Structures are given as structure tokens and as C-alpha cells.
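Peer 1:
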Amino acid sequence: MDLHKMQYFKDVYELNSFTKAANKNFVYQSAVTQQIASIEKELGVLLFEREHGKITHTQAGKIFYQECRDILDEYEHVLEEIKNYSSHKVQIQKKLKIGFSGVMENNFIMLINEYMRRYPEVRIDFIEGSYMSLCEKLVSQEIDIIFGVACELENIPGTVWKVLFTENQKILLSRMNELAEKDVLSMDELGSQTLIVPSKDMMPSCHKKGMQLCKKTKYRMNIDFVDSFEAVKMKVASNQGITFVMNSFKTYDYDSFKKVRFCDIHFVCTLGITYLKNNKNRLIDNFSKILD
Numbered sequence: 001m002d003l004h005k006m007q008y009f010k011d012v013y014e015l016n017s018f019t020k021a022a023n024k025n026f027v028y029q030s031a032v033t034q035q036i037a038s039i040e041k042e043l044g045v046l047l048f049e050r051e052h053g054k055i056t057h058t059q060a061g062k063i064f065y066q067e068c069r070d071i072l073d074e075y076e077h078v079l080e081e082i083k084n085y086s087s088h089k090v091q092i093q094k095k096l097k098i099g100f101s102g103v104m105e106n107n108f109i110m111l112i113n114e115y116m117r118r119y120p121e122v123r124i125d126f127i128e129g130s131y132m133s134l135c136e137k138l139v140s141q142e143i144d145i146i147f148g149v150a151c152e153l154e155n156i157p158g159t160v161w162k163v164l165f166t167e168n169q170k171i172l173l174s175r176m177n178e179l180a181e182k183d184v185l186s187m188d189e190l191g192s193q194t195l196i197v198p199s200k201d202m203m204p205s206c207h208k209k210g211m212q213l214c215k216k217t218k219y220r221m222n223i224d225f226v227d228s229f230e231a232v233k234m235k236v237a238s239n240q241g242i243t244f245v246m247n248s249f250k251t252y253d254y255d256s257f258k259k260v261r262f263c264d265i266h267f268v269c270t271l272g273i274t275y276l277k278n279n280k281n282r283l284i285d286n287f288s289k290i291l292d
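In full-length UniProt numbering, the protein residues as written are 1 to 292.
(1) Answer with buried or exposed for residue 101, where buried requires no fewer than 16 other C-beta atoms within 10 angstroms of its C-beta.
(2) On a CA-only basis, which of 224, 67, 18 and 162 is nearest residue 195? Give me that one, please.
(3) So, using beta-carbon positions, are residue 167 and residue 246 closer together than 8 Å?
(4) Please state whether DSSP places residue 147 in a helix, a strand or coil.
(5) Looking only at its chain, what residues have a beta carbon closer than 8 Å to the beta carbon of residue 221, apart from the 5 residues adjacent to it on each side?
(6) When the Cβ atoms of the segment 162-181 are set against those of the segment 266-286, are three or more pairs found closer than 8 Å?
(7) Here's the rule: buried if 16 or more other CB atoms are within 10 angstroms of the residue's CB, otherwise exposed. What is residue 75?
(8) Quick check: the segment 276-292 against the segment 112-124, are there 3 or more CB pairs under 8 Å?
(9) Beta strand (DSSP E) containing residue 275: first to last residue?
(10) Considering only C-alpha positions, which residue in the set 280, 13, 278 and 274 is nearest to residue 98?
(11) Along the chain, where does the alpha helix (DSSP H) that runs through residue 5 open and close?
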């Protein structure tokens, strides 16, 4: 089956008309009709129901349309890449720009290493910033991918969100803290502590959800907002408060810190990547497939 037949079928399906499909391809209607009949004979199924001058696609037609569309789209992409190579007018992109929030990067090192093992010719640039600034750069296509938490990235219009992993949160506190002697803590025991969290500019969605949670919950804690993840770390290290972290965050594995699990709440965090659906950088597809 050749691509011309597929194109005729795709046009008939989308235009719901043999005549319009023929006009679009500058051929006689009889030519289109013959090609569709040839496809049906080759496949051994009926793709369109024809009755009283009207056509409707069958279930087999719907399935075949989806496959034709994907094949033709991929063919167009191949033609474009070959044209770019031969004309030297557009160089195929060999660079990815990846944004991260400043504290999540350790969780993605293995993913980055695996990608670089498969595609050593690709250059990756890393851009650090707040989630607000990273999302703006993503929409304007200044960066291709963002690593981060679900509450900030999973609902951005026009993007694809892919989960890397989900993990329980723990309480991070200084070893100078009086609660550091314990291996398990309840929320009641944290009532006298100050919670150190990133500011609204750093994590706007998580900030909003955290404030809503504080209003709904019976637990009352003082909250101190800071402008960077390093500031969170320094505040906790100097015993000016506590924060919540994922257990796998190696950036907090120092003698001055202790991670303690909750005994009365299930507090989880999901991390992954997001990218624009309409971003033309084909390297994104290769990167996202590593997560599949």
C-alpha cells in the first residue's frame, strides 16, 4: 500500500466526501473511489458505508485512519529532516535546555546519565530558577523541559506531564533541634516548630495548596517564607525551623540534618518532567521515552 492511497483515504475520512477529497488532490472523483476500493480489497474490510449519496466511516475505517494519520505525519517529518540535511538551511537541533528548581536535580541525575549514554552527541544546558520563571521560559520555548514537582507542573495548558516517581515526604530538622532525638514524629509534636518553605514566587501552586491546608487542618504552625531552596536549607541547618523533604534528596544528607518520618499522616510528593506539546525539538521525544 503506497502513501498516495493513504492520503486519499485520510482526506475522504476528514472531509467526509469523495468529491472534496478529489478536489483537494486535483484528481477525478473516480480516481479516489478506485483507490479507496483498492485499499478495502487489500485489507479485506469495509472502511466506509455508502448509502443515499452519503458516506460514514466504519469502526475499521476509524482504526485505519488513526494509523494513516500517524504514518503520514511521520513521513512529513522525515521529508523535512532530509530537506534540512541536504539544503543546510536548517541544522537539526542537537541541544536540549532543561530547567530545574534548584533542589530537585539529584533525583534526575540517573535519568540524565542514561540519556547521555544513549545520545552522547546531544548537548544539555541546565537553567535554574523559580517555578514561575521556568514556566514562563517553557511557554516561550526558551527551555525545552522542566524537572519538578507535580503540583507546579502537571496542569500547565498545552503541555505534557510525565511522572518519574512518587515518594513519601519526611521531616527535615537540625540535629540541634530538641526533636532530633526521635525517629518518628506526629504533627502534634510539630506545633511549636516554625515551618520553613519556599516563597510564592518559587513555588506558587504548592504555596497556595499549603496555605489552604493550613486553614483546613487542626494543626497550627508558624510559617517562614524564604526566597530560595538554599535559604530553606540554611534556616533548617541553623535550627530556625523545620521543613518537609523527600527521603531521596541527597542535598540534605549532611551531619547537621536529620530526616524523621511522620507517624500520623501520609505525605507524598510526585516528581516528573513537563514539556510543550508543540515544541519542535525532536530530542524531547527521545528524552521522554526513557521514562516509558
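Virtual Cβ for every residue (Gly too), placed ideally from N, Cα, C. Please read these numbers as outputs of a predicted model, since none were measured by experiment.
Peer 2: Quick answer:
(1) As a first step, residue 101 is located in the sequence shown; it is residue number 101 there, counting from the start. It counts as buried.
(2) Position 195 of the sequence shown, counted from the first residue, corresponds to residue 195. Among 224, 67, 18 and 162, the Cα nearest to that of residue 195 belongs to 224.
(3) Taking the first residue of the sequence shown as position 1, residue 167 is located at position 167. Taking the first residue of the sequence shown as position 1, residue 246 is located at position 246. Taking 8 Å as the Cβ cut-off, residue 167 and residue 246 qualify as a contacting pair.
(4) The sequence position of residue 147 within the sequence shown is 147, counting from 1. Correct three-state label for residue 147: strand.
(5) Here residue 221 refers to the residue found at position 221 when the sequence shown is read from its first residue. Contacts found: 190, 191, 193, 194, 195 and 214.
(6) yes
(7) For this step, residue 75 is matched to residue 75 along the sequence shown. So residue 75 ends up on the exposed side.
(8) yes
(9) Counting from one through the sequence shown, the residue named residue 275 turns up at place 275. Its beta strand (DSSP E) spans residues 268-276.
(10) For the purposes of this step, residue 98 is taken as residue 98 along the sequence shown, with counting starting at 1. Cα-wise, what sits closest to residue 98 is 274.
(11) Within the sequence shown, the letter at position 5 stands for residue 5. Where residue 5 is concerned, the enclosing alpha helix (DSSP H) stretches over 3-15.
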